[in-house]
Amino acid sequence: MTKLSQKLINTKNSSIALRRILMGGSAALAMGVAFAPNSASALECVNGLGGAFPPLPGFSGSSDGGTSGGTSCGFGATVNATGGTAVGGSFLGFGAGPTVNGTNGIALGNGSFFNGPVANGQSSVAIGSAIGNDPNGFGAIANGDGSIAIGGSVFDLITGKTITSGAQTFSNGSIAIGTGSEAGKNGTDAIAIGTGAKATDSVAIGKAALASNGGTAVGDGSTATGKNNSAAFGTNAQSIANASTALGAGTKAAGDFSTAIGGSNAQALGLEDVAIGANTLANGTFSTAVGNNNQANGFTSAAFGSANNATKASSTALGSFNSATAVNSTAVGTGNNASGVNSFAGGVGSSATGLNGVALGAGATAGPGANAIAIGTGAVSLGSVAIGAGALANDGGVAVGDGASAFGPGASKNSAFGAGAQAGTKLAPSIRSTALGTNAKANLSNTSSAVGTDADASLSVGSSAFGTGATAVASAGSSAFGTGANASASLGSSALGSGATSVASAGSVSAGLGANTNGSAGSVAVGLGANAAGTVGSTALGVGANANGFNGSTALGAGATNTAANQIMLGTAANTYQAPGITSAASLASQVGVTKFTTTDAAGHLATSAFGPQDIQALQAGVLGLSQSVYSLGRGVQRGYEGTAVAVALGGASYLPDNKFFSVTGNFGTFRGQYGLAAQAQMRVNDWVVVNAGIGAGLKYGGVAGRAGVTLAW
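Following our numbering, the numbering of the sequence shown begins with -4 at its first residue and continues without gaps.
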């Protein structure tokens, strides 16, 4: 950009600078005319006197109007103010020529029959001829002081009528350059440059450029008419609102504080809108469109990229060929559609059509239906959640995993988690069912669950299959828990454990690795390999327990095997049995009526004897009396043994020497384990009479014995 171009951008500075340049050139031209040497065809320009070509009869030549210091040169040239310069001629030597009415004004150009160029303002410059025979056709007219008008009129060669008048300035310091240009109708220091350019207190540069309200319009057909210094740069650019800016050919800024930048047809039509790029449109308040062929029509909406459309409040379209057509909707990627309120569509060709919907991934679809979420290539969610490539969910369902499905006509609130998991399909819908695990299935089911790789609870009602390969197909209220567990074609049955089966059964339970209640009713098999198949009301509890084929039978313990119906088999011959609670007082207190003794045979068959504890009680009464008698007899025998021991002790010899009057002797006796002590005494009465006595006692029972005697000697 040249220094001249830079100065032209500011209205007042540009008008002053350009005026100085143009006036300097015009003055030089005028001086050259005034002081050029005469030639054979030159006019003599001295105080308006005639020259080599006098005017036609009845018409005057050039005139200074009686003023001093003026210069007029040419037929009809007129200077009516001091220091003015008028150079040019009239139409065929008659009619109007250039006219200066302002001090130091300059008017250059030829006049038509009716009008010529006019410099009305002080120090003004009017350069441009009026051509033709139209009384409404004017040459250049400079009305304002210090204004410059450059450009003559254009007329029709056939009719002679004026097509476009010359340049005109209406206010001080204004500049109009170009045929039909106008500067300063309202306001001063306006600049209009270009054929048909018009500027009021503004700058208009370019053919048919239009600027007002302090605006700047640069480019053919550009318009800057908005208040507060609007700006339009480019061919046919339009800035028609308050403080708006249009930059680029065909751009339009029609909203207050709006900005349109870019190629052809960028339009910012709302308050503070921004449109950048070819064929972009921002038509909602505070909206933004950036790229090519984008539209942002909603309040605070935004469209970025190519061929995007954001039409509602706070909507956003980012990428290419996206549409965000609902309030708070967002479309990101290529060819996405977010048409639900608060919706999001991202990827390639995704669609979010329901309230709060989210579609993310190539071809993902969320809606119709509120709160739908579809994430993954080809995921489809109708008011539900579908996450994973090809995942499908509708009516409140959840499908998570590649190919997961919780879908189908009439389906309701199903859940499928895992690659290929199915809790209802288009051809096999389910209700409130769950499939969790790779290829788990709960199709055509109601409130059923399949959990684990390849688990299957299809064609069932209220059934469950948990574990890899577990199945509860075509069942009702049945459960299969464990790898390969099977409760198919059953009613209210359960198979718990790897390989446990309760197929074609009713109300039966199999619990344990390989437990089996197939074809049974109300039977139970618990334990590794336990078997109660083909029975009614049978039970097998324990590893290898077997009640197979015997109705109402029970096999308890490892390897227990029933041999008859209604039989209870406890363990095997290798087992021992212990029941600690059988000796408790509570157990005894719970017995009612006559009790019997339990008996068994060699095969372990249990029964009761004909007599019981009450018979033993009666026997005990007799035994007690006999025991008392035996006890008394035994005690008497022992006491007798002790009496013998005492007698032995009392039988010990005692001796009284001749010369002694008294002696005492002690003795110990024993007999059959009993013991006794005795004491004896002798006393001499006279020479021929000695008396003696003894006493003894048993050591255990305390029996006491005594004796007395007399000895006569002569």
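Heads up, the beta-carbon is just placed ideally off N, CA and C, and yes, glycines get one too.
Source: prediction; values computed, not measured.
Residue i, DSSP secondary structure in three states
| i | result |
| --- | --- |
| Leu707 | strand |
| Gln675 | strand |
| Ala616 | helix |
| Ser21 | With a pLDDT of 44 at Ser21, under the threshold of 50, the modelled position of that residue is not reliable, and the figure given next carries that caveat. Three-state result, Ser21: helix. |
| Met26 | Unreliable placement is indicated for Met26, whose pLDDT of 39 sits below 50; the coordinate value is still reported in the next sentence. DSSP places Met26 in helix when its eight states are reduced to three. |
| Arg702 | strand |
| Asn468 | In the sequence on display, residue 468 carries Val and not Asn. Coil at Val468, not helix or strand. |
| Lys695 | coil |
| Ala266 | Note that residue 266 corresponds to Leu in the displayed sequence, not to Ala. Coil at Leu266, not helix or strand. |
| Val641 | helix |
| Gly69 | coil |
| Phe294 | coil |
| Tyr626 | helix |
| Ala449 | The displayed chain sequence assigns Asp, not Ala, to residue 449. Coil, per DSSP. |
| Gly529 | coil |
| Tyr650 | coil |
| Tyr572 | coil |
| Val632 | helix |
| Leu355 | strand |
| Gln609 | helix |
| Leu242 | strand |
| Ile577 | helix |
| Leu422 | coil |
| Leu486 | strand |
| Leu152 | coil |
Span of the alpha helix (DSSP H) around residue i
| i | result |
| --- | --- |
| Ser582 | Ala580 to Ala584 |
Beta-carbon proximity check, residue i vs residue j, cutoff 8 Å
| i | j | result |
| --- | --- | --- |
| Phe252 | Ser239 | yes |
| Ala520 | Ala499 | no |
| Thr164 | Val149 | no |
| Ala480 | Ala490 | yes |
| Gly364 | Gly385 | no |
| Gly201 | Ala194 | no |
| Thr166 | Gly139 | Note that residue 166 is Ser in the sequence shown here, rather than Thr. Yes, Cβ-Cβ distance for Ser166 and Gly139 is below 8 Å. |
| Gly507 | Ala525 | yes |
| Gly92 | Ala81 | yes |
| Ala688 | Phe663 | no |
| Ser473 | Leu454 | no |
| Gly272 | Ala261 | yes |
| Ser225 | Ala232 | no |
| Ser301 | Ala321 | no |
| Gly173 | Ala162 | yes |
| Gly547 | Ala555 | no |
Limits of the unbroken beta strand (DSSP E) element including residue i
| i | result |
| --- | --- |
| Ala399 | No beta strand (DSSP E) contains Ala399, which DSSP labels as neither H nor E. |
| Gly712 | Residue 712 cannot be examined here, being either before or after the span of the chain that is shown, -4 to 709. |
| Thr534 | Thr534 to Leu536 |
| Ala226 | Ala226 to Phe228 |
| Ser489 | Ser489 to Leu491 |
| Gly106 | Where Gly106 is concerned, there is no enclosing beta strand (DSSP E), given that its DSSP letter is neither H nor E. |
| Gly661 | Phe657 to Phe666 |
| Thr549 | Thr549 to Leu551 |
| Phe476 | Ser474 to Phe476 |
| Phe412 | Ser410 to Phe412 |
| Leu601 | Leu601 to Thr603 |
| Asn389 | Leu387 to Asn389 |
| Ala520 | Val519 to Val521 |
| Ser458 | Counting along the chain, Ser458 falls outside any beta strand (DSSP E), and DSSP gives it neither H nor E. |
| Val213 | Thr211 to Val213 |
| Leu377 | Val375 to Leu377 |
| Val343 | Phe339 to Val343 |
Assumed close pair residue i, residue j - CB separation to whole angstroms, cut-off 8 Å
| i | j | result |
| --- | --- | --- |
| Gly97 | Gly134 | The pair is not a contact, with the Cβ atoms about 16 Å apart (cut-off 8 Å). |
| Ala642 | Val659 | Ala642 to Val659, Cβ: 19 Å. No contact. |
| Ala244 | Thr230 | 4 Å |
| Ala550 | Ala540 | 4 Å |
| Thr306 | Asn289 | With 8 Å as the limit, Thr306 and Asn289 do not qualify as a contact, their Cβ atoms being about 11 Å apart. |
| Gly413 | Thr433 | 5 Å |
| Val95 | Ala114 | 5 Å |
| Ser207 | Ser197 | 5 Å |
| Thr530 | Gly509 | Their Cβ separation, rounded to whole angstroms, is 17 Å, which puts Thr530 and Gly509 out of contact at 8 Å. |
| Gly462 | Phe476 | 6 Å |
At a cut of 8 Å, does the segment 340 to 350 reach the segment 312 to 327 through at least three beta carbon pairs? Touching, yes.
Under 8 Å, with one C-beta from each stretch per pair, do the segment 627 to 641 and the segment 692 to 709 reach the 3-pair mark? The segment 627 to 641 vs the segment 692 to 709: in contact.
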